[in-house]
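**Student:** According to our numbering, the residues represented by the sequence shown are 59 to 452, in order.
What follows is a structure written as structure tokens; I'll ask about it next.
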Amino acid sequence: MDFTYAPHVHEIVRRVRAFVDTEVIPVEARTLASREGLSAAGLMELRAKAKAAGLWAPQLPPDLGGMGLTLSEIVPVFEAAGRSHLGILALNCAAPDEGNMHLLNHYANADQRERYLRPLAAGEIHSGFAMTEPAPGVGSDPNMLRTTAVRDGDEWVINGHKWWTSGGTGAEFLLIMARSNPDVPTSKGATIFIAPANAPGIEFVRDIPHMGFDDLGGHAEIKFHDLRVPHSSILGNEGDGYALVQARLGPARLTHCMRWTGIAQRALEIATRYAAEREAFGKHLSEHQSIQWMLADSALELHAGRLMMQQAAWLLEQGDQARQETSMCKVFVAETVNRVIDRAIQICGGMGISRDLPLSKWYESARAFRIYDGASEVHRMVIARKVIKQYGSV
Ligand SMILES: Cc1cc2nc3c(=O)[nH]c(=O)nc-3n(C[C@H](O)[C@H](O)[C@H](O)COP(=O)(O)OP(=O)(O)OC[C@H]3O[C@@H](n4cnc5c(N)ncnc54)[C@H](O)[C@@H]3O)c2cc1C
């Protein structure tokens, strides 16, 4: 076992960290103080600086303008970018665009690459992934997919109702998961279609009001009314939708974990600095054992999460689906991040609740991480299934 990163990865981590500290965190502080999210112009400015610094899309291959790092190598790089929720946007490695680029890079045909992937990789446009539906449609259970796609000559006609399409409102195009064959299970009867977001038949109902920040774009509720798309708009092959979702979600779960670990690590650093300076009952907070234990628990849980990410990334690179390991990682890191931010707020007292620090915003936003990309209960179900299969027979 070798846990060493190559020298070029260490160097990139150092540069990303310096970029986030000097260019991004001051902008983050201004947006927190003004109580407004990052404007589109502000994002373009940050992105121009990231490009000029040679820190653009660490996960993308060089022919798409990226830095060509492997999944294992981006573990510490995404963490460094994730030290601010705006850092990942600046470097074009935020969800949902990052996961959508991964999917398009592997499955898009030549036309789709030119029309959608290239401008997305260049940071000129945004995208949305429309899978989840309001009840009784698909949520945790993929078999409940209700949006339909019916073939009509060389076209498909899509009808359905989606919500929680992250970044949907500002997206140039949508990846739409629809049931293209009602006679077989979702695993074989679903297809992903790409549609321009301004196509006739797409109704943006609203951005769902929610807790947490909007800097990463809102979360749209969308209806499809006889949306017509050509057969050539299929991503991959007809009936491959579920397999493609799995291909997107495996690495996407890990990249979410990497980014959020960056935020949680910074929360730990903020809390540690506060504890080292603030005095109560005749000594610094950091000299009280109960505070030390909170800091220690956060540090050890973050460390364990990093090792889980590294191992799961390594397995995926070997061609293993790593279903069990990515599920374990997702549950562990999502719950760790929530605990670490919660402890940081506790240590910072009233200051932690204020908007003078980013902790309260992160606390609100981190809660959803235990639900999206599979709720903790669903991942535990997947993990338990394998445990029971392995050890459950008497
Ligand atoms: C901030 C945010 C961003 C999102 N972005 C996107 C996006 O870009 N695209 C997209 O398509 N979707 C997106 N989603 C939707 C997300 O993927 C779903 O919310 C998630 O899959 C859960 O589905 P649901 O909300 O319908 O919950 P439900 O399926 O209704 O489940 C509700 C709860 O039931 C419990 N539960 C479910 N199954 C089990 C089980 N087997 N055992 C025990 N308990 C169980 C869990 O606690 C779960 O939280 C986003 C959601 C959020 C909050």
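Cβ coordinates follow ideal geometry from the N, Cα and C atoms, glycine included.
Compute the Euclidean distance between the alpha carbons of proline 120 and leucine 147, then round it to the nearest angstrom.
**Tutor:** When rounded, the distance between both Cα atoms is 19 Å.
**Student:** Along the chain, where does the alpha helix (DSSP H) that runs through asparagine 158 open and close?
**Tutor:** Per DSSP, asparagine 158 belongs to the alpha helix (DSSP H) from 155-165.
**Student:** Does the beta-carbon of arginine 311 have 16 or more other beta-carbons within 10 angstroms, so that it is buried, or is it exposed?
**Tutor:** Classification for arginine 311: buried.
**Student:** Which same chain residues end up closer than 6 Å to leucine 232 when comparing Cβ atoms and leaving out the 5 residues on each side of it in sequence?
**Tutor:** So the list reads Gly186, Ala188, Ala253 and Ala255, once near-sequence residues are dropped.
**Student:** Using 8 Å as the cut-off, classify the Cβ of serine 385 as near or not near the heavy atoms of ligand 1, replying yes or no.
**Tutor:** Checking every heavy atom of ligand 1 against the Cβ of serine 385, none is found closer than 8 Å.
**Student:** If we call anything under 9 Å between Cβ atoms a contact, is threonine 89 one with leucine 144?
**Tutor:** Against a cut-off of 9 Å, the Cβ pair of leucine 144 and threonine 89 comes out as a contact.
**Student:** Kindly confirm or deny that the region 390-399 and the region 230-250 touch, where touching means at least three C-beta pairs closer than 8 Å.
**Tutor:** No, the region 390-399 is not in contact with the region 230-250.
**Student:** Hey, is tyrosine 421 close to ligand 3, as in C-beta under 8 Å from one of its heavy atoms?
**Tutor:** Judged by which ligands are present, ligand 3 is missing from the structure shown, whose ligands are ligand 1.
**Student:** Do leucine 129 and leucine 453 count as a contact pair if the criterion is CB distance below 9 Å?
**Tutor:** There is no way to answer for residue 453, as the model of the chain reaches only from 59 to 452.
**Student:** Measure the alpha-carbon distance for glycine 377 versus methionine 102 and round it to whole angstroms.
**Tutor:** Cα-Cα distance, rounded: 36 Å.
**Student:** Apart from the five residues just before and just after glycine 225, which ones in its own chain have a Cβ nearer than 6 Å to its Cβ?
**Tutor:** Cβ within range, chain order: Pro154, His184, Gly186 and Gly275.
**Student:** One question on the structure: do threonine 205 and glycine 197 come within less than 9 Å of each other, judged by their Cβ atoms?
**Tutor:** Cβ atoms of threonine 205 and glycine 197: not closer than 9 Å.
**Student:** Does the beta carbon of alanine 370 sit closer than 9 Å to a beta carbon anywhere in chain D?
**Tutor:** Among the chains of the structure shown, chain D does not appear; only one protein chain is present.
**Student:** Rounded to whole angstroms, what's the CA-CA distance from valine 47 to glycine 140? Just pull it up for me.
**Tutor:** In the structure displayed, the chain extends from 59 to 452; residue 47 sits before or after that span and is not available.
**Student:** Would leucine 458 pass as a contact of threonine 394 if the rule is Cβ separation under 9 Å?
**Tutor:** With the chain covering only 59 through 452, there is no way to say anything about residue 458.
**Student:** DSSP on histidine 143, reduced to helix/strand/coil?
**Tutor:** It is coil, neither helix nor strand.
**Student:** Can you check the region 78-138 for any alpha helix (DSSP H) of at least 4 residues that lies completely inside it and give the ranges in chain order?
**Tutor:** Qualifying alpha helix (DSSP H) stretches, in chain order: 83-92 and 98-110.
**Student:** Among the residues of its own chain, which have a CB less than 6 Å from the CB of isoleucine 216, if the five just before and after it don't count?
**Tutor:** Excluding sequence neighbours, isoleucine 216 sits near Ala207, Ala236, Phe282 and Leu285.
**Student:** If you draw a straight line from the C-alpha of histidine 68 to the C-alpha of isoleucine 132, how long is it?
**Tutor:** Each residue's alpha carbon lies about 11 Å from the other.
**Student:** How long is the line joining the alpha carbons of glycine 124 and glutamate 94, rounded to whole angstroms?
**Tutor:** Going from the Cα of glycine 124 to the Cα of glutamate 94 covers about 30 Å.
**Student:** Spatial neighbours of serine 142 within its chain, please: CB distance less than 6 Å, with the 5 preceding and 5 following residues excluded, ordered by chain position.
**Tutor:** Closer than 6 Å at Cβ, skipping near neighbours: Val78, Val82, Ile83 and Glu86.
**Student:** Using the DSSP secondary-structure output, state which residues sit across from proline 254 in a beta bridge.
**Tutor:** According to DSSP, which records beta bridges pairwise, proline 254 is partnered with Phe231.
**Student:** Where does tryptophan 351 land, buried or exposed, given buried means 16+ other C-beta within 10 angstroms?
**Tutor:** The residue is exposed, with fewer than 16 neighbouring Cβ atoms inside 10 Å.
**Student:** Strictly by DSSP, which residues pair up with tryptophan 18?
**Tutor:** Look at the range of the chain in this structure, 59 to 452, and you will see that residue 18 is not part of it.
**Student:** Out of Tyr449, Leu343, Ala357 and Glu422, point me to the one whose CA is closest to isoleucine 405's CA.
**Tutor:** When only C-alpha atoms are compared, the closest one is Leu343.
**Student:** Can you tell me the Cα-Cα spacing of tyrosine 176 and arginine 209, whole angstroms?
**Tutor:** For the record, residue 176 in the displayed sequence is arginine; it is not tyrosine. Going from the Cα of arginine 176 to the Cα of arginine 209 covers about 28 Å.
**Student:** Which of the three DSSP states is assigned to arginine 279 in this structure?
**Tutor:** First, the residue type needs correcting, since residue 279 is glutamate and not arginine in the sequence shown. Three-state result, glutamate 279: strand.
**Student:** Does the beta-carbon of glutamate 335 have 16 or more other beta-carbons within 10 angstroms, so that it is buried, or is it exposed?
**Tutor:** Answer is exposed; the Cβ neighbour count stays below 16.
**Student:** Pair every Cβ in the region 287-296 with every Cβ in the region 153-171, then say whether three or more of these pairs are closer than 8 Å.
**Tutor:** The answer is yes - the region 153-171 touches the region 287-296, with three or more Cβ pairs under 8 Å.
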